[in-house]
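Down below is the structure, laid out as structure tokens.
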Amino acid sequence: MNCVSENNLRAYHDAELGAAQDTEIEAHLSGCAECAKRLGEIAATAARVEKQMVALGASSAEIKIDAQAALSRFKAQQDARVETMPSRADFAAHESSMRARGSRWRPLWIGAVAATILLCSLAFPFGRGLAQRFLGTLRVEKVQPVRLDFSALDGNRPLQEMLRQMISDKVVVTADEKPQPASTAADASQLAGFSAHVLSARTDTPKFIVGGQHAFHMTIDRTRLQDIFDQAGRADLLLPATLDGANVSVNVPRSIMVEYGDCPEGHPADAAQTAPAQAHSGAWANCLALEEVPSPLVNMPPDLNLQQLAEIGFQLAGMSATQARNLGQTIDWKSTLVLPIPRFASSYSQVTVNGVPGTLIEGSGRRGPDYVLVWVKNGIIYGLVGHGDSSNAVALANTLN
Amino acid sequence: MSEGSRVGEFETLFVKHYPRIVGILRRIVGDHGRAEDLASEVFLKLYRQSLVQEPDGNVSGWLYRTATNLGIDALRATARRSRFEQAAGQDAGQNKPAENGFERVARFEREHRVRRVLAEIKPAQAQLLLMRASGNSYKELAAALEIEPGSVGTLLVRAEAAFEQRYRELFGSEEDV
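Chains as they are written, first to last, in our numbering: chain A, 931 to 1331; chain B, 9 to 185.
What follows is the structure, encoded as structure tokens:
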């Protein structure tokens, strides 16, 4: 037998090896003065250090620890933590104020920024009144609706100020084009750089608007973001160190909006808020808007753990750690557009559109029901916004040529 | 598993492991109140985790690892903050009082020196020594610290050597204690 390794000598000393190995080592030791000497040294050092370590335990031995009492204290602390979170009444008050301000689909925006920036997401002009966000997306292939509500954070003025300040300090906008009209589908396609699709079920001539390109980049300042979390009352959510200094760039290509029927000035999704006088009048009932946006491009350091960041974002939006984890695990973060469903959307459902999964979100504006149907196909994100009955939304969308 | 039953499971784990976790933290930081605070932090981490996933078979190892990490962090922070105060305290300790308090002072001094050394060697080595001193087997150490079972012996030998070396550098031979 060769000389015994240091590891095995130490393990032998601690009787951590099996009987067979012990016998083998003993046989070797009896004939190898060097190993025997080394074992002696190892044992002596171990004994001296152990004596020192045991000394640490001496003064705590006599203290009795009441685990039940400690558990009660722990639970009380947890309850106190929960109570500092905003109440449901705050949410309700906030919702109505957001509705009154006419930013029906926007309330997520500011509050979402803390989470979404670090998730490399943004509100992109996907239907002007319909702020959509996506998360760390290399190429959007599918849509995942998620009920999120950052509105609790909206009432927090210092928080909003910190967010605004950070955005103005850190976000560098490199493209912010204005929308421009196009007279035909061919013109729109040429301007946008991809083929415009229309709904063959509608025989009336649509209006085409090409949405501008939007791009920005930013460097993430982890300390600052963590301060924002603290201000949001979520000091418990710790951002990973790898996030600091991460460079994130986002590019949203030009989009095409196809508007059918008698649509209000601006976007149909804005109608409910911009013209309260016409509430329930039935005007624009035939208005239908189809938005087409090629998948935005997001560049970020490859070592960013999107799922982990998204879970933090979800928790910031009020989910429990369990819910956030469960949801985060179901999403392929490299290819999924996470579509935040506002709390006041009355319902949403998963449907099949043009052979791919889509999400139909139904709401009720002041002038009656409206809906948004979202799906992704061949790298293009489609949104169909309509007023009135949503029951034919899927059938309409299926006529996309 | 439902959230409710996970909370129930968490409470069971808390009651089962809390005393041992406070015990090891007490050994590390030397202050009972501080140890309970840190233990509470350890269980808060577990609470969050257990809501997320069913605890795997090695909750005990996880708790030890987390507790020793936090304890060593606290020890190192204290060592940095109060090096001057400790040096002053050491002087007072050398000025030995009368027979009655002698043993107590000697013990205090000895604990203080061990903690100082633990704070100054590599945290992973300090952690290994602390967990070994708490009676964990090689198998338990390997599982809790996520190290190769076949290298526990070597790592222990190295950690002990590092401990003794730093001790000698700081305080001379330990027989002086």
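The C-beta atom is built at its ideal place from N, Cα and C for all residues, glycine as well.
{"Item": "Using 10 angstroms around the beta-carbon of A/Val1304, count the other beta-carbons present and answer buried if the total reaches 16, otherwise exposed.", "Value": "buried"}
{"Item": "Following the continuous beta strand (DSSP E) through A/Leu1168, name the residue where it begins and the one where it ends.", "Value": "Looking at the DSSP string, A/Leu1168 is not in any beta strand (DSSP E), and its letter there is neither H nor E."}
{"Item": "May I ask which residues mark the beginning and end of the alpha helix (DSSP H) holding B/Val160?", "Value": "Val160 to Phe179"}
{"Item": "Who are the Cβ neighbours of A/Pro1170 in its own chain at under 7 angstroms, not counting the five residues just before and after it?", "Value": "Asn1235 and Gln1238"}
{"Item": "Taking DSSP's pairing of strands, which residues face B/His120 in a bridge?", "Value": "The partner list for B/His120 (beta bridge, DSSP) is empty, contrary to what the question assumes."}
{"Item": "Taking the alpha helix (DSSP H) that A/Ile1158 belongs to, which residues open and close that run?", "Value": "Arg1152 to Gln1161"}
{"Item": "Starting from B/Ser48, find everything on chain A with Cβ-Cβ shorter than 8 angstroms and list it in chain order.", "Value": "Ala1000, Arg1003, Phe1004 and Gln1007"}
{"Item": "In three-state DSSP terms, what is A/Ser1279?", "Value": "strand"}
{"Item": "Would you say A/Gln982 faces chain B, with C-beta separation under 8 angstroms as the test?", "Value": "yes"}
{"Item": "So that I know if they touch, is there some Cβ in chain B lying closer than 8 angstroms to that of A/Val934?", "Value": "no"}
{"Item": "Determine the chain B residues that contact A/Ala1165 at a beta-carbon separation under 8 angstroms, and present them in chain order.", "Value": "None at all; the shortest Cβ gap to chain B is about 12 angstroms."}
{"Item": "Compare the beta carbon distance of B/Leu21 and B/Glu49 with 8 angstroms and say whether it is the shorter of the two.", "Value": "no"}
{"Item": "Give me the Cα-Cα distance between B/Val113 and B/His120, rounded to the nearest whole angstrom.", "Value": "10 angstroms"}
{"Item": "How far does the beta strand (DSSP E) with A/Gly1313 in it extend, from its first residue to its last?", "Value": "Ile1310 to His1317"}
{"Item": "So is B/Ser159 in contact with chain A if we call contact Cβ pairs under 8 angstroms?", "Value": "yes"}
{"Item": "For my contact list, A/Thr1289 and A/Tyr1278 are in at a C-beta cut-off of 8 angstroms; report their separation, rounded to the angstrom.", "Value": "6 angstroms"}
{"Item": "Which residues in chain A sit within 7 angstroms of B/Glu17, going by Cβ to Cβ distance?", "Value": "What B/Glu17 touches in chain A: nothing, since even the nearest Cβ is about 13 angstroms away."}
{"Item": "Assuming B/Ala141 contacts B/Leu83 under a Cβ cut-off of 8 angstroms, what Cβ separation, rounded to an integer in Å, is found between them?", "Value": "B/Ala141 to B/Leu83, Cβ: 14 angstroms. No contact."}
{"Item": "Hey, is B/Thr74's beta-carbon within less than 8 angstroms of any beta-carbon in chain E?", "Value": "Of the protein chains in the structure, A and B, none is chain E."}
{"Item": "Closest by CA to A/Gly1309, which one among A/Glu1222, A/Arg1152, A/Gly1243 and A/Asp1160?", "Value": "A/Glu1222"}
{"Item": "Is it buried or exposed, A/Gln1110, if we count other Cβ atoms within 10 angstroms and call 16 or more buried?", "Value": "exposed"}
{"Item": "Going by DSSP in three states, A/Pro1109 sits in which element: helix, strand or coil?", "Value": "coil"}
{"Item": "Of all the CB atoms in chain A, is at least one closer than 8 angstroms to the CB of B/Phe179?", "Value": "no"}
{"Item": "Less than 8 angstroms separating the beta-carbons of B/Leu138 and B/Ile32?", "Value": "yes"}
{"Item": "Taking DSSP's pairing of strands, which residues face A/Thr1289 in a bridge?", "Value": "A/Gln1280 and A/Val1304"}
{"Item": "Using a beta-carbon distance below 8 angstroms, is A/Arg940 in contact with chain B?", "Value": "yes"}
{"Item": "Counting C-beta neighbours from all protein chains within 10 Å, is the total for A/Arg1184 16 or more, i.e. buried, or is it exposed?", "Value": "buried"}
{"Item": "Strictly under 8 angstroms for the Cβ-Cβ distance: is B/Ala169 near chain A by that measure?", "Value": "yes"}
{"Item": "Starting from A/Thr1252, follow the alpha helix (DSSP H) in both directions and report where the run begins and ends.", "Value": "Ala1251 to Thr1260"}
{"Item": "What does A/Ile972 reach in chain B if we use C-beta pairs closer than 7 angstroms?", "Value": "Val165"}
{"Item": "Identify the contact partners of A/Thr975 in chain B, using a Cβ-Cβ distance below 7 angstroms as the criterion.", "Value": "Glu168, Ala169 and Glu172"}
{"Item": "How would you list, in chain order, the residues of chain B whose beta-carbon sits under 8 angstroms from the beta-carbon of A/Asn937?", "Value": "Gly158, Ser159, Val160, Gly161, Thr162 and Val165"}
{"Item": "Determine the closest residue to A/Val1180 out of A/Thr1260, A/Cys965 and A/Val1101, with distance taken between C-alpha atoms.", "Value": "A/Val1101"}
{"Item": "Buried or exposed for A/Ala974, going by 16 or more other Cβ atoms inside 10 Å?", "Value": "exposed"}
{"Item": "Could you tell me the distance, in whole angstroms, from the CA atom of A/Tyr1190 to the CA atom of A/Glu1107?", "Value": "24 angstroms"}
{"Item": "Taking 8 angstroms as the CB-CB limit, is B/Val30 close to chain A?", "Value": "yes"}
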